[in-house]
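Reading through the structure tokens given below for one structure.
In the UniProt record's numbering, the protein residues as written are 1 to 385.
This is the structure in structure tokens:
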């Protein structure tokens, strides 16, 4: 058995800036008798097509980045020259392990028999039926005398799994028509492509192949591929959803990383900080009674409290800095109590509501402008346990 020099091996690819785009892969190796022919291109020299094919798999295996992915190695060949199976999975499907895959690969000692590629592709369909997510099928062959209707089996694969599965063919041959057939197989699927052994001969070329087949670009590092990321450039460390957007756990429209008041109840009216506020309720100067025209704004709070009978809240009153601190503290207390009394009057139990005045001590905007002072004159609702 001939072997390639050890320098052909590739080290593990760095995954920074990328995320896995497949959940499983199946490598189909042609181990039929035609693969014993010498590969006559520049990377072959005296080596057989079979040796070149095995070296491609070995280099690919070594270069794969560390990621949790299911792997399978399926071979076809032998046939009439061997009493074994026409095609079989010599490895997997199982969680990918570089040493285990390499060991299984080296157990395929020599090529022989005819080329039942269609059977191998059909077996791939069975394996994919037991997996979830997206898969990459990689067929490595010289493309010569492939039997058992491989093109029809690829069409079946496409009809069964659609965009879930991509087919990539690697041609290790010498005849133009066999190369064209390998290209036709790949083009029949909805995704995938065909390359020659020469086109992935260097470490850089193999790394590029792996990025295209196994990985997707993730520019902001949030774990969501760029082509599916609806919120690019999220800050590092931010928890995101499946669309790459910052998670909004309480559903108030303010993402968790900007939410100053997490855990607001569903349906609550919040400000740009994500805090539950009494919006639209205005008090006359030096007054604290709730005017009838503002009742509908408070009814939203009542509806939420009635939907959640175990929810308790604290009403916090705030003011701007016009007047003394003592005056504003008392004014804020009275306004908070007015809102509390209104809610109780509408049927919310006294034990569920407390109120407190905080005066001018917690501004959320500047008091140097009319607009800022208006924002500081507010009432906030705080869920309490």
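Heads up, the beta-carbon is just placed ideally off N, CA and C, and yes, glycines get one too.
Less than 8 angstroms between the CB atoms is what I'm expecting for residue i and residue j, so what's the real figure, rounded?
{"i": "residue 59", "j": "residue 31", "result": "Not a contact, Cβ separation roughly 18 angstroms."}
{"i": "residue 66", "j": "residue 94", "result": "That belief does not hold up - the Cβ atoms of residue 66 and residue 94 are roughly 16 angstroms apart, past 8 angstroms."}
{"i": "residue 53", "j": "residue 29", "result": "6 angstroms"}
{"i": "residue 256", "j": "residue 246", "result": "6 angstroms"}
{"i": "residue 216", "j": "residue 90", "result": "29 angstroms between Cβ atoms; not a contact."}
{"i": "residue 64", "j": "residue 214", "result": "7 angstroms"}
{"i": "residue 248", "j": "residue 270", "result": "The pair is not a contact, with the Cβ atoms about 11 angstroms apart (cut-off 8 angstroms)."}
{"i": "residue 134", "j": "residue 21", "result": "7 angstroms"}
{"i": "residue 68", "j": "residue 118", "result": "Between residue 118 and residue 68 the Cβ distance is about 31 angstroms, and since that is not below 8 angstroms, they are no contact."}
{"i": "residue 56", "j": "residue 197", "result": "6 angstroms"}
{"i": "residue 50", "j": "residue 116", "result": "Actually they do not touch by this definition, with Cβ atoms about 16 angstroms apart."}
{"i": "residue 231", "j": "residue 244", "result": "5 angstroms"}
{"i": "residue 138", "j": "residue 27", "result": "5 angstroms"}
{"i": "residue 40", "j": "residue 174", "result": "6 angstroms"}
{"i": "residue 123", "j": "residue 87", "result": "6 angstroms"}
Provide the residue span of the alpha helix (DSSP H) that contains residue i, from first to last.
{"i": "residue 316", "result": "Looking at the DSSP string, residue 316 is not in any alpha helix (DSSP H); the run it does join, the beta strand (DSSP E), is 312-318."}
{"i": "residue 213", "result": "203-214"}
{"i": "residue 117", "result": "117-128"}
{"i": "residue 412", "result": "Nothing can be reported for residue 412, as the shown portion of the chain is limited to 1 through 385."}
{"i": "residue 51", "result": "49-63"}
{"i": "residue 242", "result": "That residue, residue 242, is in no alpha helix (DSSP H); it is neither H nor E in DSSP."}
{"i": "residue 89", "result": "Counting along the chain, residue 89 falls outside any alpha helix (DSSP H), though it belongs to the beta strand (DSSP E) covering 87-95."}
{"i": "residue 341", "result": "325-345"}
I need the boundaries of the beta strand (DSSP E) containing residue i, first residue and last residue.
{"i": "residue 383", "result": "378-384"}
{"i": "residue 20", "result": "18-20"}
Which one or two residues does DSSP pair with residue i in a beta bridge?
{"i": "residue 30", "result": "76"}
{"i": "residue 105", "result": "Paired residue(s): none; residue 105 is not in a bridge."}
{"i": "residue 353", "result": "313"}
{"i": "residue 169", "result": "139 and 194"}
{"i": "residue 71", "result": "25 and 94"}
{"i": "residue 38", "result": "48"}
Does residue i come out as helix, strand or coil in the three-state DSSP assignment?
{"i": "residue 143", "result": "coil"}
{"i": "residue 192", "result": "strand"}
{"i": "residue 373", "result": "helix"}
{"i": "residue 25", "result": "strand"}
{"i": "residue 365", "result": "coil"}
{"i": "residue 234", "result": "coil"}
{"i": "residue 273", "result": "coil"}
{"i": "residue 266", "result": "coil"}
{"i": "residue 217", "result": "strand"}
{"i": "residue 358", "result": "coil"}
{"i": "residue 99", "result": "helix"}
{"i": "residue 134", "result": "coil"}
{"i": "residue 308", "result": "coil"}
{"i": "residue 178", "result": "helix"}
{"i": "residue 322", "result": "coil"}
{"i": "residue 228", "result": "helix"}
{"i": "residue 260", "result": "coil"}
{"i": "residue 248", "result": "coil"}
{"i": "residue 299", "result": "helix"}
{"i": "residue 348", "result": "coil"}
{"i": "residue 110", "result": "coil"}
{"i": "residue 255", "result": "coil"}
message: Does the structure place the stretch 328-337 close enough to the stretch 356-371 that three or more beta carbon pairs sit under 8 angstroms?
response: Result yes; three or more Cβ-Cβ pairs closer than 8 angstroms.
- request: Could you say if the stretch 93-108 and the stretch 134-143 meet the contact criterion of at least three C-beta pairs nearer than 8 angstroms?
  value: Of all C-beta pairs linking the stretch 93-108 to the stretch 134-143, fewer than three are shorter than 8 angstroms, placing the two stretches out of contact.
- prompt: Should the stretch 179-190 be called in touch with the stretch 144-155, which here means at least 3 C-beta pairs below 8 angstroms?
  reply: Segments in contact, yes.
- prompt: Is it a yes or a no for the stretch 156-167 touching the stretch 186-196, going by three-plus beta-carbon pairs under 8 angstroms?
  reply: The stretch 156-167 is in contact with the stretch 186-196.
query: Counting pairs of Cβ atoms below 8 angstroms between the stretch 267-279 and the stretch 300-313, do you hit three or more?
result: Under the Cβ criterion (8 angstroms, minimum of three pairs), the stretch 267-279 counts as touching the stretch 300-313.
field: Segment contact flag, the stretch 312-323 with the stretch 343-354, C-beta cutoff 8 angstroms, min 3 pairs
entry: Segments in contact, yes.
field: Cβ pair count under 8 angstroms reaching 3, the stretch 375-385 against the stretch 316-327
entry: Yes: at least three Cβ pairs fall under 8 angstroms.
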